[in-house]
Each structure stands twice: as C-alpha cells, then as structure tokens.
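Residue numbers (the numbering used here): 1 to 192.
Positions of the beta carbon are idealized from the N, C-alpha and C atoms, including for glycine.
In this text, all values refer to a predicted model and were calculated from it rather than measured experimentally.
Quick notes on the structure that follows.
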Amino acid sequence: MASLTTLKNTAIVTGSFLSGAMITLSTITVPVLLETSTHPPQLLHQWVRTYHYGHISLPTISIATAILYFYIAAYQGAREQPWRKAALVGFLTIVMVPFTWIVMSSTNGMLFGLEAGNRDHSQFFEQGANRSGLKGANSSQSHGLGNVSVGIGVEMATLEGVRELLVRWKWMHLVRSLFPLMAAVLGVGICV
C-alpha cells in the first residue's frame, strides 16, 4: 500500500492536472473555436466533440482525486488526526459534478439540442430545400437563443446565438474549473 504522503502528493498532482485541463478549455479551446468557426453547425459540432472528450476523462479524474482525499480524511480521522481539511478538499474536488447538473445543464442542453437539430436537418437542406423556397418563409422569426425557424418546423442555429451560448458556457466552465484549483491549493496544506 502506498504511504499516506504518496497518496497526498498524488491527490494534489491529479487535482492540479484536472484544474489545468479544465481551465484550458475556457481560456484556449473555446476562444479558438469562437475565432475560427464561422459556420454554426461546424461550431456546434466542434463544441460537442470537445465536450465528449472532456466528459470521458475529467469527471473520472475528479472522482478519483476526491476518493483519494476522502481516504486521507478517513485515515487521519481513524488515527485521531485532523481530517476535516482533507474532507473539504475532497468535496471541493467533486463539487464540479453537481455544479454541472445544477448550473450548466440548461446551456449544455441548448447546445446539444442545436447541434442535433442542425445535424438532423443538414441533409434536408443539402437536398435542395433552400432552392425550393422553404427557407424564406419565416427565416427572420426567432425561437429562442441561438436558433431561427426556417420553415416547416425546422430550426437552424444562428452564428450569433451559438457564439453567445458558447461564451456563457465558457464562463460557467471557468467557474467550475476553480473548484479543483481551490482544492489543490488547500490540499497542499494537508501535506505539511
């Protein structure tokens, strides 16, 4: 079994890595997407793929890191040593998961919905629906943030709306990234 010091150091390193990986999504990846994508379906698809790959690894790292901190808290508590700080650090590391469900799910849902709608209807437009006059029927009518109706119940994302949603997501994600960063900073204190 690894020593307690090794577990503490591992938790700090994984938490720091987690926070760094998350912060780069808001400070590098999303800004690059916003600056280089001028076609809403492409921008949405790139965000969905970025989210997919982040979703595979980042929550897992968060949970594994929190488990390390909770183990440290239990170990120290069983030996009548200070344990609350380790438990708090574990909580701060894992709180990004419920933060996503509570704070970000609405924006995530809008982005996923727009991407799915654009994907589902792209074939319709590629097959000549625009040439048949369907797009002009009510193309200026807005139906919520990020999309516009283009006839017969089909909604397509606008670039301005998608960008607005991604900027909102970027800031919420940056806030979410601060939880494991705070945990890593506080985690250093449990190693001394």
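Quick one: is residue i buried, meaning 16 or more other Cβ sit within 10 Å of its Cβ, or exposed?
{"i": "Val32", "result": "exposed"}
{"i": "Gln76", "result": "buried"}
{"i": "Val89", "result": "buried"}
{"i": "Val175", "result": "exposed"}
{"i": "His55", "result": "exposed"}
{"i": "Tyr53", "result": "exposed"}
{"i": "Tyr69", "result": "buried"}
Near residue i, what residues of its chain come up, given a Cβ to Cβ distance below 8 angstroms and the 5 sequence neighbours on each side ignored?
{"i": "Ile63", "result": "Ile94, Val97"}
{"i": "Ala2", "result": "Thr10"}
{"i": "Ser262", "result": "This structure gives no information on residue 262, because the portion of the chain shown stretches from 1 to 192."}
{"i": "Leu166", "result": "Val30, Leu33, Leu34, Leu43, Trp47, Leu111"}
{"i": "Tyr71", "result": "Leu7"}
{"i": "Ile102", "result": "none"}
With distance defined between alpha-carbon atoms, name the residue in the options nearest to residue i.
{"i": "Ser19", "options": "Gly161, Thr65, Leu111, Leu43", "result": "Thr65"}
{"i": "Trp171", "options": "Thr24, Val188, Thr10", "result": "Thr24"}
{"i": "Met110", "options": "Thr158, Ile12, Pro82", "result": "Thr158"}
{"i": "Phe17", "options": "Met104, Ser57, Glu160, Glu80", "result": "Ser57"}
{"i": "His173", "options": "Ala21, Pro82, Gly189", "result": "Ala21"}
{"i": "Gln81", "options": "Asn118, Leu181, Leu4, Ala184", "result": "Leu4"}
{"i": "Trp83", "options": "Lys8, Leu165, Leu166", "result": "Lys8"}
{"i": "Arg119", "options": "Ile102, Leu166, Gln46", "result": "Gln46"}
{"i": "Met104", "options": "Ala184, Ser177, Tyr71", "result": "Ser177"}
{"i": "Met182", "options": "Leu34, Tyr71, Thr6, Lys85", "result": "Lys85"}
Could you name the residues of the same chain whose beta carbon sits closer than 7 angstroms to that of residue i, not counting the 5 residues immediately before and after it, in chain order?
{"i": "Val162", "result": "Pro40, Leu43, Leu44, Leu114, Gly146"}
{"i": "Thr38", "result": "Leu159"}
{"i": "Ala184", "result": "Ile12, Gly15, Ser16, Ser19"}
{"i": "Phe112", "result": "Val48"}
{"i": "Thr6", "result": "none"}
{"i": "Pro59", "result": "Val97"}
Could you check whether residue j and residue i sit closer than 7 angstroms to each other, using their CB atoms as the reference points?
{"i": "Ile67", "j": "Thr14", "result": "no"}
{"i": "Arg168", "j": "Thr100", "result": "no"}
{"i": "Ala78", "j": "Ala87", "result": "no"}
{"i": "Ala11", "j": "Gly189", "result": "no"}
{"i": "Thr50", "j": "Thr29", "result": "yes"}
Which residues in the same chain as residue i place their Cβ atom closer than 6 angstroms to its Cβ, once the five residues preceding and following it in sequence are excluded?
{"i": "Phe179", "result": "Leu92, Val95, Met96"}
{"i": "Val48", "result": "Glu115"}
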